[in-house]
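Colleague:
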Amino acid sequence: MKIGEISRATGIPVETIRYYEKIGLVPEPDRQASGYRQYRQSHLDRLLFIRRCRNLDMAQDEIRELIRLADQPDADCSEVDALLARHLNHVRERLRELASLEDTLERLQKACSEGRTVSECGILGGLTSEADEEPPASNHNHIPGTHHHTPGTR
């Protein structure tokens, strides 16, 4: 398969496939005499695996680790289980953060009453006054520096 064909088969943009090759998540395919990449079934399978992991919001390092573990089919699966447990804890923390965000947005929305001008807007006032009270933005991840989406992956 050429890159456009594998892109259509997986739903992953061409640029993202090239990026995955560059960072080593997908092995570089052989090249035809014309210079075109020639993808095999193993590339398709790997890209579908990566897409499923990304759909579960797994970070590149987590995916890399799962690929490493998958290449050891006779090994104990406790490392896979531990990785998934860490990821699940991260998801649960994000859910708590999102619930808090929802509460904040609901409070702000209730601050708005009909018939007022923008200068009297309770939402804008709340956003202005809460800026002083707000704790620093949480910048933690279960794997630092991850969960920055690759262009074209979402």
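Using UniProt numbering, you'd call the opening residue of the sequence shown number 1 and step up by one each time.
Built from N, CA and C at the ideal position, the CB exists for glycine as well.
As the structure is a computational prediction, the values presented were derived from the model and not from experiment.
1. Helix, strand or coil for H149, going by three-state DSSP, please let me know.
2. Could you check how far apart the C-beta atoms of Q38 and D45 are, in whole angstroms? I think they sit under 8 Å.
3. Beta-carbon within less than 7 Å of residue 157's beta-carbon, same chain only, minus the 5 sequence neighbours each way: which residues are those?
4. Nearest-angstrom Cα distance between C121 and A99?
5. Within the same chain, show all residues whose beta-carbon is closer than 7 Å to that of C112, passing over the 5 residues directly before and after it, in chain order.
6. How would you call C53, buried or exposed, if buried means at least 16 neighbouring beta carbons within 10 angstroms?
7. Excluding sequence positions up to five away, which residues of its chain have a Cβ less than 8 Å from the Cβ of A75?
8. What's the call for residue 161, buried or exposed, on a 16-neighbour Cβ count within 10 Å?
Modeller: Looking at the coordinates:
1. Along the sequence shown, read from residue 1 onward, the residue named residue 149 stands at position 149. With a pLDDT of only 44 at H149, under the threshold of 50, the placement of this residue in the model should not be trusted; the figure read from the coordinates follows. In this structure, H149 counts as coil in the three-state DSSP scheme.
2. Translated into the one-based positions of the sequence shown, residue 38 becomes position 38. Translated into the one-based positions of the sequence shown, residue 45 becomes position 45. That pair is no contact at about 16 Å.
3. Outside the displayed range of the chain (1 to 154) lies residue 157, so it cannot be described from this structure.
4. Translated into the one-based positions of the sequence shown, residue 121 becomes position 121. Translated into the one-based positions of the sequence shown, residue 99 becomes position 99. Roughly 24 Å separates the two Cα atoms.
5. Position 112 of the sequence shown, counting from 1, holds the residue named residue 112. Correct list, in chain order: C121, G122, I123.
6. Translated into the one-based positions of the sequence shown, residue 53 becomes position 53. With 16 or more Cβ atoms within 10 Å of its Cβ, C53 is classed as buried.
7. Position 75 of the sequence shown, counting from 1, holds the residue named residue 75. Once the five neighbours on either side are set aside, the close Cβ partners of A75 are L69.
8. Since the first and last residues shown for the chain are 1 and 154, residue 161 lies out of range.
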